[in-house]
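Below is one structure, written out as structure tokens; the observations come after it.
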Amino acid sequence: MIHLYAADIADLPDPGEDPALLDELDPERKCKVMRYLKAEDRIRSLGAGLLLNRILPRYGVSPAGIRIGADGKPEVDGICFNLSHSGHIVICATAEKEVGCDVEEIVKAPEGVVEHFFHPSESAYVNACTGEERDHRFFRVWTMKESYIKMTGEGMSLDFDRFEFLLDPEKIKVRRDGKLLSCRIMEYDIPGYKVSVCANEEEFSGHVEYVSLKRSRS
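Shown next, in the form of structure tokens:
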């Protein structure tokens, strides 16, 4: 089963000012956090690392086993996972097979992206509305696309207009180069955000499980 975990990082301090916050992280994540120049980016990366550290032991997996795979994605033996962050939310999806997830804070949709990166059917869906509804539709499709390329490991090397999402109310389907795929998209509700998870499995948890990033006191 695919599970989705989330954490609110609004109160998480900047590790640039308090390096002790990095003590729980693996060396690769520590370096990644501190490569960011902006405090908000360091906090999001820190939050993603801490969330992963809270989740992996639930599956009998040690965070010390995290490594970088051939496609550049972090991986560990025993469970597949994917991380994403936006605004003050970080998420982590777990599954038995490859999984991708994306969270985006709903703000004003950027100009020009729909025309250049979306499939024509998706562009029509987004541009059928204006104002806030258009913003919601844009980030709905964008998170689906991000979750798919993160699941496959292809990243931005895959042209976004080569695959499209058929937004059937009963079950969202993915079509690539004209062929329907077996992977499934699941959307989750986090107020103020759009969240999508993509996996080659059928069984998804029906809710988001929120996780505290506070250190447990011994």
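Numbering (the numbering used here), first residue to last: -8 to 209. Just so it is clear, CB atoms sit at the ideal spot from N, CA and C, and this is done for glycine as well. Note that the structure is a prediction, hence the values are computed from the model and not measured.
Would residue i be called buried (16 or more neighbouring beta carbons within 10 Å of its own) or exposed?
{"i": "Cys71", "result": "buried"}
{"i": "Arg131", "result": "buried"}
{"i": "Met(-8)", "result": "exposed"}
{"i": "Gly197", "result": "exposed"}
{"i": "Tyr11", "result": "Before going on, a small fix: residue 11 reads as Ala here, not Tyr. Exposed is the call here."}
{"i": "Ile218", "result": "Examination of residue 218 is not possible in this model, given that the chain is present from -8 through 209 alone."}
{"i": "Ala119", "result": "exposed"}
Taking just the CA atoms, how far does residue j sit from residue i?
{"i": "Arg208", "j": "Tyr184", "result": "At Arg208, the pLDDT of 48 sits below 50, so the modelled position is not reliable; the number obtained from the coordinates is stated separately. Approximately 32 Å between the Cα atoms of the pair."}
{"i": "Gly146", "j": "Glu137", "result": "8 Å"}
{"i": "Glu161", "j": "Tyr201", "result": "26 Å"}
{"i": "Leu172", "j": "Phe151", "result": "15 Å"}
{"i": "Tyr116", "j": "Lys164", "result": "15 Å"}
{"i": "Ala30", "j": "Asp9", "result": "11 Å"}
{"i": "Arg26", "j": "Arg33", "result": "8 Å"}
{"i": "Gly169", "j": "Ala190", "result": "19 Å"}
{"i": "Leu37", "j": "Tyr139", "result": "24 Å"}
{"i": "Leu47", "j": "Ser53", "result": "6 Å"}
{"i": "Glu66", "j": "Gly7", "result": "26 Å"}
Take residue i as the anchor and find which of the options has the nearest alpha-carbon.
{"i": "Val188", "options": "Lys141, Ser114, Leu43", "result": "Lys141"}
{"i": "Asp(-1)", "options": "Arg20, Ala39, Glu8", "result": "Ala39"}
{"i": "Gly122", "options": "Ala100, Val104, Ser114", "result": "Ala100"}
{"i": "Ile57", "options": "Arg49, Ser173, Glu19", "result": "Glu19"}
{"i": "Thr143", "options": "Val90, Pro10, Pro48", "result": "Val90"}
{"i": "Cys174", "options": "Asp180, Phe154, Val186", "result": "Phe154"}
{"i": "Leu204", "options": "His(-6), Arg35, Cys83, Leu41", "result": "Leu41"}
{"i": "Glu178", "options": "Lys23, Gly7, Arg128", "result": "Arg128"}
{"i": "Val104", "options": "Val199, Ala86, Asp126, His(-6)", "result": "Asp126"}
{"i": "Leu43", "options": "Leu(-5), Asp159, Leu28, Gly7", "result": "Leu(-5)"}
{"i": "Leu158", "options": "Met135, Val98, Arg49", "result": "Met135"}
{"i": "Val98", "options": "Val199, Glu124, Gly51", "result": "Glu124"}
{"i": "Lys23", "options": "Gly51, Gly63, Tyr50", "result": "Gly63"}
{"i": "Phe156", "options": "Arg166, Arg49, Ala84", "result": "Arg166"}
{"i": "Arg35", "options": "Cys83, Ser148, Glu102", "result": "Cys83"}
Can you tell me the Cβ-Cβ gap for residue i and residue j, rounded? I've got them flagged as a contact below 8 Å.
{"i": "Glu194", "j": "Lys88", "result": "Going by Cβ atoms, the distance from Glu194 to Lys88 rounds to 11 Å, so no, they are not a contact pair."}
{"i": "Ser114", "j": "Asp93", "result": "Actually they are not in contact, since the Cβ atoms of Ser114 and Asp93 sit about 19 Å apart, beyond 8 Å."}
{"i": "Ala213", "j": "Ile176", "result": "Shown here, the chain extends from -8 to 209; a query on residue 213 therefore has no answer."}
{"i": "Asp17", "j": "Ala55", "result": "7 Å"}
{"i": "Leu28", "j": "Lys21", "result": "Not confirmed; about 16 Å, so no contact."}
{"i": "Trp133", "j": "Glu95", "result": "6 Å"}
Could you tell me whether any Cβ in chain B is nearer than 8 Å to the Cβ of residue i?
{"i": "Asn191", "result": "Absent from the structure: chain B. Only one protein chain is present."}
Q. Can we say the segment 75 to 83 touches the segment -4 to 8, given the rule of at least three CB pairs closer than 8 Å?
A. With the cut-off at 8 Å, the segment 75 to 83 and the segment -4 to 8 touch.
(Q) Within 8 Å, do at least three Cβ pairs link the segment 105 to 116 to the segment 62 to 70? (A) Under the 8 Å Cβ criterion, the segment 62 to 70 does not count as touching the segment 105 to 116, having fewer than three qualifying pairs.
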